[in-house]
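What follows is a single structure, written as structure tokens, with notes after it.
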């Protein structure tokens with residue numbers, strides 16, 4: 027008898043390990059709209075299978091909970107059953123010996139509170155409050171509801187111009203989104219059930235890169251209506267584009283020298299080359315939109331003056347003002363905001379960071395943009411200081427990895443304390459307090475708390491504050507537009523209850539968000555403005571989508587894009603990402619499972635031809 | 013064209029043709045269940061699956077298209093296994109008591125299970141319970157529903173009323189009234205198009221034949237039956253009678269054999285409707301410009317639709333009752349006395365191609381003759397067929413009997429009430445006479461005929477252009493109403509029938525899966541009109557006598573009392589909810 031043995035997993039265990047990974051991916055690809063009580067019951071069954079069987083609450087209690095949930099789902103539940111579910115779950119939570127039991131019960135308990143209405147509907151009316159209203163996961167999760175399976179299929183047929191035309195039905199910033207969209211569409215891609223999500227954004231870029239110049243559709247006959255769009259960013263220009271297609275006269279008022287908003291004044295050209303952005307803007311303007319640049323509402327012209335001349339106003343000014351840290355020394359020379367830095371870059375006024383030690387404060391995509399730009403501007407060292415862990419950063423992981431690859435430092439778990447300077451008030455260092463990861467905040471991210479350690483001094487010459495942006499609401503507040511918690515308080519329909527003929531959307535309503543959300547807001551506003559003006563123009567496109575293939579690329583991997591070598595790219599502002607090869611684009615597009623056709627898609631909501 | 017091989021046969025098909033269609037065109041029958049051409053091509057039942065060489069899994073043929081060089085096998089071992097197992101799975105959730113099912117013998121699932129030789133099911137039976145409002149004229153039996161989703165699609169795509177929806181998610185997904193509503197609280201028009209497109213016995217009319225038997229058994233009741241125009245074009249279908257052999261007079265004989273005391277022709281009331289509605293139209297035209305046209309009011313499903321969807325347009329409806337209700341009112345209000353029957357003893361039955369009529373006759377506004385509801389019972393054509401079968405009457409042996417006097421035969425104008433455009437054409441024939449004092453040629457207004465869902469025509473009446481439109485199917489009705497509201501069209505008079513093709517395609521008519529029969533039946537009604545001696549409603553001698561002896565003239569006070577109605581006298585559920593707010 028050996029005293030110890032090496033444990034090797036047997037075949038069954040190996041297969042089960044594989045199944046765990048399958049389940050993880052499957053949950054990732056859960057379609058929206060499922061009955062939460064049904065899902066809770068299913069999770070409960072899984073939890074119960076994990077029980078070791080030693081303790082009563084877990085072994086018996088979870089089983090009784092399952093029966094009770096099934097009873098509710100079958101329409102046979104009563105209010106007494108709901109009380110029993112709550113009590114039993116509470117008892118398991120309070121008495122199970124280990125997390126297998128008490129965490130399982132906690133899930134049930136959270137559900138009884140969190141989706142109580144659905145429990146009640148099952149009990150009182152034998153019905154469910156949920157249904158699958160949008161069956162194509164990528165389309166459902168794209169804020170602008172772009173026809174993703176449609177354009178992927180066009181790409182697989184090498185019909186790139188048609189792909190661009192199809193995308194433009196819902197999103198006129200085809201090239202910009204091909205480069206910088208955060209691709210929420212990929213999050214719940216059904217292909218996750220097979221292997222991995224489709225690389226949707228890379229495919230879109232392939233289409234854009236190979237489509238050539240694609241003319242925009244003809245505008246509808248002039249309606250005689252005039253609309254002012256305030257702010258020439260992605261949201262404003264999207265609204266302007268669709269309104270122009272509907273036959274309305276549109277004038278865009280832009281504060282800066284050039285159009286593009288945060289696409290130009292926020293995103294560096296190594297992510298979005300300016301000529302690509304200009305392609306989109308040229309296409310949008312080719313619908314006959316009038317543009318006034320260098321005009322600030324509230325200074326050069328008032329809301330009232332605009333309202334007099336126009337039938338309708340769309341406010342899409344974005345979130346352009348910078349947020350302050352509120353720490354000592356923030357006014358020292360060498361401290362600048364991310365907005366200011368990126369705006370200068372956008373206008374071609376490149377700051378010179380040669381041989382400077384640069385510190386960036388923040389953990390979002392804007393912080394990464396500043397970090398990587400600083401490196402390109404010749405900085406001797408670039409350090410991004412962030413008070414949480416790297417995994418908690420809101421920046422896309424690729425951005426963080428890219429910055430590290432280019433030679434930037436990410437200094438996590440350090441909260442800025444104060445900024446030190448020399449006698450001439452020049453920045454000399456950032457003092458930061460080391461942090462320890464603490465309990466969860468309400469959003470489910472662990473909160474950083476001050477660690478039992480002395481502050482550290484980070485010597486530097488430049489500090490860039492990238493902790494978020496605010497909205498310049500004053501001229502609109504004066505006009506009577508409601509403001510709530512620093513943002514414009516528009517309805518989901520982009521209008522206001524008591525402000526006639528004024529609509530608003532994008533970052534100035536949501537706070538800083540993504541390009542595609544601003545575009546979606548512009549689309550919503552265009553539809554509702556058209557309706558408000560008494561019209562019902564449909565935006566549509568006459569691209570025929572190819573019939574789906576009968577079989578797909580077998581389970582395998584996702585094609586990821588490559589980047590130029592870090593050592594080469596960190597000296598210039600040229601595009602980092604390399605596009606897909608033809609071979610890669612064809613393989614990747616053939617992985618799409620065509621949820622517009624297979625499954626629920628060919629029944630309901632697989633394709634929205636017009637809006 | 014695309015070249016492919018199906019079951020070893022070289023065939024050609026147009027591009028984008030489904031595999032199923034290509035096969036059927038080539039004489040190869042691929043069985044299907046949920047499939048309904050152009051309406052429901054969702055591959056839900058997985059019965060129409062085929063094997064395509066080079067594709068590992070089976071492919072649903074109803075919604076996948078042919079491609080060049082494709083090699084298809086419709087009965088490979090894999091297909092056989094998949095098809096049979098899937099039907100077994102469907103049956104495991106289906107109440108297969110076929111002996112007691114009204115669709116037995118006319119059920120796609122039954123045929124399929126029989127064809128596949130399924131004798132027992134290896135799965136545990138899990139049949140959902142039947143739960144439905146007994147008051148509803150339209151019945152859904154959850155224990156029979158196979159979730160083919162056709163009802164949802166018909167109501168969405170054809171009728172544009174969206175009454176049905178998928179309910180619940182996951183394993184408990186089923187079909188029910190949308191928005192967690194209940195049928196009697198919904199906007200349902202009771203058109204019954206979901207019923208006539210249900211492949212099994214899940215959807216049906218409420219069977220009221222027992223009430224008919226009870227009346228026949230009641231010695232104190234005189235049972236008076238009226239038969240709607242469209243019934244004669246369809247009743248023979250399930251009884252094996254050709255159109256030619258299915259004369260309305262045979263229904264008269266059959267009903268008399270069952271014990272009915274009198275059998276009349278609703279066509280007479282259709283002629284009466286023309287007199288009233290036609291006069292109302294001329295009256296309205298004389299008033300000058302109206303923003304919206306006058307709408308016909310014969311179709312209760314259309315009235316329910318308009319009142320729930322566009323309640324502000326209710327006053328555009330003609331106030332004339334439907335022929336069924338006019339007939340009910342004059343039977344109890346006038347003819348009973350003439351026949352020497354106390355009106356309280358009359359049990360008035362109508363045989364209709366329609367389910368919505370079952371909701372119309374119980375309206376509080378439909379009791380004008382002073383003896384309860386003017387019509388006591390409504391039976392559909394399908395229930396009539398069931399009555400004939402229950403009594404084992406041999407339809408082939410039936411004699412042709414005349415309709416009872418004093419009403420007797422009606423005109424061709426009344427007959428075409430059963431087909432889309434027919435009310436309009438009959439009205440125009442009489443309006444022309446009322447204006448000009450002489451008859452136009454009977455076919456002068458045939459431009460309004462056809463199967464297009466929305467048709468328009470312009471005629472000259474009293475020196476002025478009369479713009480008319482005809483729509484059938486509620487989806488087309490909605491399009492027309494929307495266009496009126498947007499001001500893109502303008503008409504003087506509009507006929508709407510809720511069912512595509514009109515009452516000929518009514519929700520109470522016999523059905524055959526995959527076969528749309530409204531057009532053929534409608535043509536038969538036009539044929540009957542064509543061979544009628546009388547083609548004009550105002551020439552109907554019984555109608556003339558009724559005005560002379562009792563009503564006076566169209567739109568008289570008596571006529572208003574018995575033949576017209578207040579469409580605001582009752583409310584749709586939605587109107588009631590709005591009142592509560």
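Residue numbers (our numbering), protein chains in the order written: chain B, 27 to 637; chain R, 13 to 593. Using N, Cα and C, we set each Cβ at its ideal position, and we do this for glycine too.
If the criterion is Cβ atoms closer than 8 Å, does the pair residue i and residue j meet it?
| i | j | result |
| --- | --- | --- |
| residue 495 of chain R | residue 473 of chain R | no |
| residue 336 of chain R | residue 452 of chain R | no |
| residue 344 of chain R | residue 358 of chain R | yes |
| residue 144 of chain B | residue 135 of chain B | no |
| residue 40 of chain R | residue 19 of chain R | yes |
| residue 57 of chain R | residue 28 of chain R | no |
Label residue i either buried or exposed according to how many other C-beta atoms from any shown protein chain fall within 10 Å of its C-beta, with 16 as the threshold for buried.
| i | result |
| --- | --- |
| residue 574 of chain R | buried |
| residue 209 of chain B | buried |
| residue 35 of chain B | exposed |
| residue 147 of chain R | exposed |
| residue 621 of chain B | buried |
| residue 589 of chain R | exposed |
| residue 225 of chain B | buried |
| residue 132 of chain R | exposed |
| residue 500 of chain R | exposed |
| residue 319 of chain B | exposed |
| residue 75 of chain R | buried |
| residue 310 of chain R | buried |
Under 6 Å Cβ to Cβ from residue i, same chain only, skipping five residues before and after it: list those, please.
| i | result |
| --- | --- |
| residue 429 of chain R | 241, 282 and 435 |
| residue 431 of chain B | 592 |
| residue 128 of chain B | 119 and 122 |
Specify the secondary structure class of residue i as computed by DSSP and reduced to three states.
| i | result |
| --- | --- |
| residue 52 of chain R | strand |
| residue 459 of chain R | helix |
| residue 324 of chain R | helix |
| residue 238 of chain R | strand |
| residue 348 of chain B | strand |
| residue 445 of chain B | strand |
| residue 257 of chain R | helix |
| residue 102 of chain B | coil |
| residue 627 of chain B | helix |
| residue 440 of chain B | strand |
| residue 412 of chain B | coil |
| residue 123 of chain R | helix |
| residue 473 of chain R | strand |
| residue 488 of chain B | strand |
| residue 442 of chain R | helix |
| residue 279 of chain R | helix |
| residue 383 of chain R | coil |
| residue 97 of chain R | helix |
Looking only at its own chain, which residues have a Cβ that is under 7 Å from the Cβ of residue i, when we skip the five neighbours before and after it?
| i | result |
| --- | --- |
| residue 460 of chain R | 433, 436, 437, 467, 469, 480 and 482 |
| residue 635 of chain B | 566 |
| residue 543 of chain B | 169 and 536 |
| residue 103 of chain B | 97, 148 and 149 |
Tell me which same chain residues have a C-beta within less than 8 Å of the C-beta of residue i, skipping the five on either side of it?
| i | result |
| --- | --- |
| residue 561 of chain R | none |
Point to revise | Length at least 4, wholly inside the stretch 509-555 of chain B: the alpha helix (DSSP H) runs in chain order | key: Entirely contained in the stretch 509-555 of chain B, the alpha helix (DSSP H) runs reaching 4 residues are, in chain order, 533-536.
Check your understanding: Going along the chain, which unbroken runs of the alpha helix (DSSP H) with 4 or more residues stay wholly within the stretch 257-290 of chain B?
Key -> You should have 260-271.
Exercise for review: Please list the segments of the beta strand (DSSP E) lying wholly inside the stretch 168-204 of chain R, counting only runs of 3 or more residues, in order along the chain.
Suggested key: Listed in chain order, the complete beta strand (DSSP E) runs (minimum 3 residues) inside the stretch 168-204 of chain R are 176-179 and 186-189.
Exercise for review: Could you tell me which uninterrupted alpha helix (DSSP H) segments, each at least 4 residues in length, are contained entirely in the stretch 34-101 of chain B, listed from first to last along the chain?
Suggested key: Counting only runs of 4+ residues, the alpha helix (DSSP H) found wholly inside the stretch 34-101 of chain B occupies 37-54, 62-76 and 88-99, in chain order.
Check your understanding: Can you give, in chain order, each stretch of the alpha helix (DSSP H) that sits fully within the stretch 353-424 of chain R and has at least 4 residues?
Key -> Considered as a whole, the stretch 353-424 of chain R harbours 369-372 and 393-402 as its complete alpha helix (DSSP H) runs of no fewer than 4 residues, in chain order.
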